[in-house]
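Trainee: Numbering (my numbering), first residue to last: 238 to 462.
Every residue, glycine too, gets a C-beta built ideally from N, C-alpha and C.
A quick note: this is a predicted structure, and the numbers were derived from the prediction, not measured.
A single structure is presented below for examination.
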Ligand SMILES: C[S@@+](CC[C@H](N)C(=O)[O-])C[C@H]1O[C@@H](n2cnc3c(N)ncnc32)[C@H](O)[C@@H]1O
């Protein structure tokens, strides 16, 4: 078992909680492993890997044995639509440039295509709304933005942050604030895919050469009768 994350603090916490297991800090776009694994599981991380989703799938594929499983949950198309709309409106109202959002929320068809093109057979794919209680702090959408949208918030002048976040709360409240508390409008993709049997170029070429050699032998055999 090997656990990976790009954040050293996350890995330190994991090591402290599970000292008997192996963990390492690395970027999921270009990690390599010394051995092939039976399964790769990922929770709530793939939608943060925005640089090159295909590179991530390629790395996962390379770390699995043929027949190995890739099982994950991630944000899907429409994830946090109300939160994002509230952010975009508030940013615009304060005269700020459109926030650059650090997420990739694909449709099921888009991600299934990437998986298939990356050498996986998709066995299961779910796409569902999963409203989730906000636990980031007492200030609802404002605390959610502080936690998960730290990058775009970092571009905002310091004196604007508080009034901007209060405006995000006003805008998001009708859709996301319930009597029982704030709820984030999560939409999730869950999938289970299997690394298809090896059809690497080398093996394909070997097979082609064998087939060609076979037909040469057949021709010789035919000529000799
Ligand atoms: C919402 S957290 C989920 C963490 C954990 N998988 C869980 O279920 O609690 C998203 C994680 O993605 C990690 N992450 C973001 N970009 C990454 C990258 N390029 N490579 C590896 N991990 C990354 C973050 O450090 C963060 O820990």
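Roughly how far, in whole angstroms, is the beta-carbon of residue 312 from the beta-carbon of residue 432, given that I think they are within contact range, below 8 Å?
Mentor: No, residue 312 and residue 432 are not in contact; Cβ-Cβ is about 24 Å, not under 8 Å.
Trainee: May I ask you to check if the CB of residue 264 is nearer than 8 Å to at least one heavy atom of ligand 1?
Mentor: Yes, ligand 1 has a heavy atom inside 8 Å of this Cβ.
Trainee: Leaving out five residues on either side along the sequence, give the residues of the same chain with a beta carbon under 7 Å from the beta carbon of residue 359.
Mentor: Same-chain partners within the cutoff: 349, 352, 353, 428, 430.
Trainee: Measure the C-alpha to C-alpha separation of residue 253 and residue 265 and round it to an integer number of angstroms.
Mentor: In a straight line, the C-alpha of residue 253 is about 22 Å away from that of residue 265.
Trainee: Quick one, which of 414, 314, 403 has its alpha-carbon nearest residue 341's?
Mentor: Nearest of 414, 314, 403 to residue 341, Cα basis: 314.
Trainee: Hey, is residue 275 close to ligand 1, as in C-beta under 8 Å from one of its heavy atoms?
Mentor: Every heavy atom of ligand 1 is 8 Å or more from the Cβ of residue 275, so no.
Trainee: Are the CB atoms of residue 291 and residue 355 nearer to each other than 9 Å?
Mentor: Yes; because the gap between Cβ atoms is below 9 Å, this pair is in contact.
Trainee: Report the three-state DSSP secondary structure of residue 303 (helix, strand or coil).
Mentor: Of the three classes helix, strand and coil, the one that applies to residue 303 here is strand, per DSSP.
Trainee: Out of curiosity, what's the CA-to-CA distance linking residue 279 and residue 420?
Mentor: Approximately 23 Å between the Cα atoms of the pair.
Trainee: Look up residue 366 in the DSSP assignment and say whether it is helix, strand or coil.
Mentor: Of the three classes helix, strand and coil, the one that applies to residue 366 here is strand, per DSSP.
Trainee: Quick check on residue 255: does DSSP put it in helix, strand or coil?
Mentor: Residue 255: coil per DSSP, three-state reduction.
Trainee: Assuming residue 339 and residue 381 form a contact by the criterion Cβ under 8 Å, report the distance between their Cβ atoms to the nearest whole angstrom.
Mentor: So it is not a contact: roughly 14 Å between Cβ atoms.
Trainee: Does ligand 1 have a heavy atom nearer than 8 Å to the CB of residue 281?
Mentor: For ligand 1, at least one heavy atom lies less than 8 Å from the Cβ of residue 281.
Trainee: Would you list the residues sitting across from residue 361 in a DSSP beta bridge?
Mentor: Residue 361 pairs with 429.
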